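Notes follow once the structure below has been shown.
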Ligand code: PEP
Ligand code: MG
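Residue numbers (the numbering used here): 2 to 593.
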């Protein structure tokens with residue numbers, strides 16, 4: 002926990018960041034700073050104290066194992082057994098007799114307190130792990146340091162702030178949370194989160210929206226101004242963290258919440274109505290899914306199927322990749338939840354900000370421009386084929402939809418399709434029940450793909466535009482970097498022109514086109530996406546009722562005219578303002 006000075010008691014502090022996931026919560030703050038390395042003074046001990054020191058270490062190791070077990074149990078309730086096997090590796094470190102043996106030898110040699118010796122042994126051990134060839138063993142270095150930190154805290158009788166084992170419902174404040182961290186949050190106790198870093202389209206923010214918990218990101222260096230336990234209100238609409246809110250602020254938030262709740266209730270009535278404009282243009286509104294726990298929300302939201310299932314979350318926080326059976330079962334669950342509508346299962350999009358901990362991959366200079374998504378899969382045909390086989394097996398005798406992320410060249414798409422073909426052939430030859438019909442799609446999220454879209458269209462049955470990446474790659478603005486957040490403009494005329502090109506090509510080739518980036522979830526963007534003529538919009542299920550209301554309040558013909566007007570403008574900011582104005586006029590209750 003941060004040991005920074007508290008703001009004066011009772012003095013309200015308003016910290017402004019970027020709204021990342023809507024909703025308002027109040028609770029106690031839990032502050033996490035990842036760097037909790039403790040400096041330990043090597044206090045000398047006498048020879049006869051060595052056994053006592055070893056007993057203290059054994060007690061600390063036992064406590065550590067109990068804590069890890071507890072976290073593992075808590076998480077297995079929410080995530081399922083298989084997703085928590087990373088903790089097995091942690092338990093093994095906490096029971097490692099080689100480490101204990103090395104500590105004893107050092108204690109005998111150096112005769113200083115066990116905390117200091119243990120910390121030294123752990124660091125040396127982790128360092129030697131980092132240097133080995135085997136990527137699996139290399140990655141164990143992080144586990145060793147993690148467990149070591151916990152043991153040292155236990156030896157010192159200090160409490161380690163534990164993101165995964167909150168004691169009470171809390172609003173989390175951290176410098177940053179990775180998508181892997183977020184996947185492990187306890188849904189019952191994590192009321193919302195605020196981070197110093199991050200942006201709206203980082204995968205962490207996307208997950209917060211899926212989980213339906215409020216989030217504020219990009220708060221910039223606020224950790225030192227906040228202390229754990231402080232009462233807070235987190236406003237995910239306005240992007241505010243209010244520390245020590247006054248009675249007046251609490252009252253005002255109560256009123257705002259009440260009005261918002263009324264709107265939410267009114268939207269529930271739309272659940273079984275279609276996503277169609279006033280003049281009858283039908284747009285399929287489907288759901289994005291990150292974790293299997295998101296699935297129950299889909300039926301409630303009124304989404305027509307799943308437009309993007311991000312499979313990579315299955316591969317994070319684990320020691321081994323899930324096998325074909327496990328993947329088949331999960332994809333089957335996805336397909337079944339989506340019935341009678343189709344589900345689009347996207348192949349692995351690892352890399353960028355989604356790094357599996359166990360691969361031991363060397364950090365890249367520019368991970369979003371690096372070994373990501375289809376680039377990784379095409380170099381790992383074994384991993385890729387297992388996934389494709391599992392996707393094909395997810396709906397025996399029926400239809401599945403699969404799509405490939407981050408396509409930049411026609412060759413990549415052809416190679417991916419060839420491996421898909423091989424997977425199908427293999428299943429057929431082995432008599433394994435698999436889907437009869439497999440529809441394949443390309444994500445259009447790299448400008449090069451948008452520009453050669455006529456060459457891609459003949460190869461696939463659909464396109465899905467990933468506006469999160471399309472925006473970052475078009476404007477060369479890292480989607481997770483709050484310092485360039487103002488440049489990251491989905492409404493930039495260059496991004497809109499690329500979307501228009503993709504829709505036009507899809508029409509020429511008679512295939513359908515959707516948008517599955519965060520633009521689809523933002524009701525301010527609905528008029529332009531409708532006007533540009535996309536056939537489908539896929540978004541976190543929480544956003545579906547709002548976007549449906551927006552679509553139903555619009556007129557397709559007017560949106561077409563509006564999109565021509567907007568595409569003749571030269572400023573992303575002006576286009577956004579104009580869209581804000583249109584949204585305010587058409588559905589003020591959703592944008593107020
Ligand atoms: C996108 O880039 O818009 C997209 C939907 O994919 P992801 O956010 O997972 O990169
Ligand atoms: Mg993407």
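Using N, Cα and C, we set each Cβ at its ideal position, and we do this for glycine too.
As the structure is a prediction and not an experimental result, all values here were calculated from the model.
Are the CB atoms of residue i and residue j nearer to each other than 8 Å?
i, j, result
"residue 322", "residue 316", "yes"
"residue 541", "residue 289", "yes"
"residue 516", "residue 531", "no"
"residue 41", "residue 120", "yes"
"residue 63", "residue 115", "no"
"residue 354", "residue 311", "no"
"residue 123", "residue 100", "yes"
"residue 453", "residue 411", "yes"
"residue 172", "residue 26", "yes"
"residue 30", "residue 226", "no"
"residue 271", "residue 219", "no"
"residue 512", "residue 424", "no"
"residue 435", "residue 502", "no"
"residue 417", "residue 405", "yes"
"residue 514", "residue 535", "yes"
"residue 387", "residue 325", "yes"
"residue 525", "residue 438", "no"
"residue 533", "residue 504", "yes"
"residue 113", "residue 46", "yes"
"residue 468", "residue 491", "yes"
"residue 565", "residue 587", "no"
Within 10 angstroms of the Cβ of residue i, are there 16 or more other Cβ atoms? Answer buried if so, exposed if not.
i, result
"residue 191", "buried"
"residue 429", "exposed"
"residue 291", "buried"
"residue 146", "buried"
"residue 274", "exposed"
"residue 538", "buried"
"residue 396", "buried"
"residue 521", "buried"
"residue 442", "buried"
"residue 580", "buried"
"residue 432", "exposed"
"residue 157", "exposed"
"residue 348", "buried"
"residue 464", "buried"
"residue 142", "buried"
"residue 367", "exposed"
"residue 159", "exposed"
"residue 49", "exposed"
"residue 153", "buried"
"residue 247", "exposed"
"residue 54", "buried"
"residue 266", "exposed"
List the whole-angstrom C-beta distance separating residue i from residue j, where the pair is believed to meet the contact cut-off of C-beta under 8 Å.
i, j, result
"residue 155", "residue 65", "6 Å"
"residue 401", "residue 392", "6 Å"
"residue 222", "residue 197", "6 Å"
"residue 481", "residue 200", "6 Å"
"residue 308", "residue 345", "6 Å"
"residue 279", "residue 556", "5 Å"
"residue 175", "residue 33", "4 Å"
"residue 389", "residue 460", "16 Å between Cβ atoms; not a contact."
"residue 499", "residue 448", "6 Å"
"residue 109", "residue 51", "6 Å"
"residue 550", "residue 286", "No, residue 550 and residue 286 are not in contact; Cβ-Cβ is about 11 Å, not under 8 Å."
"residue 519", "residue 202", "5 Å"
"residue 576", "residue 563", "Rounded, the Cβ-Cβ distance is 10 Å, inconsistent with contact."
"residue 111", "residue 118", "6 Å"
"residue 12", "residue 245", "6 Å"
"residue 377", "residue 352", "6 Å"
Would you verify that the beta carbon of residue i is, or is not, closer than 8 Å to some beta carbon of chain B?
i, result
"residue 256", "The displayed structure is made up of one protein chain only, and chain B is not part of it."
Among all residues, which have a Cβ less than 6 Å from at least one non-hydrogen atom of the ligand MG, and in what chain order do they fall?
Neighbourhood of the ligand MG, defined by CB distance below 6 Å to any of its heavy atoms: 406, 446, 467, 469 and 470, in chain order.
Hey, is the segment 180-200 in contact with the segment 212-229, meaning 3+ C-beta pairs nearer than 8 Å? As far as the Cβ criterion goes, the segment 180-200 touches the segment 212-229, which means the pair count is three or higher.
Q) Does the pairing of the segment 466-482 with the segment 495-506 give three or more beta-carbon distances under 8 Å? A) Yes, the segment 466-482 is in contact with the segment 495-506.
> Per the contact definition of three or more C-beta pairs closer than 8 Å, is the segment 334-353 in contact with the segment 294-307?
Replying inline: They touch, by the three-pair rule.
Any 3 or more C-beta pairs closer than 8 Å across the segment 16-23 and the segment 232-249: Contact between the segment 16-23 and the segment 232-249 is present, because at least three Cβ pairs lie under 8 Å.
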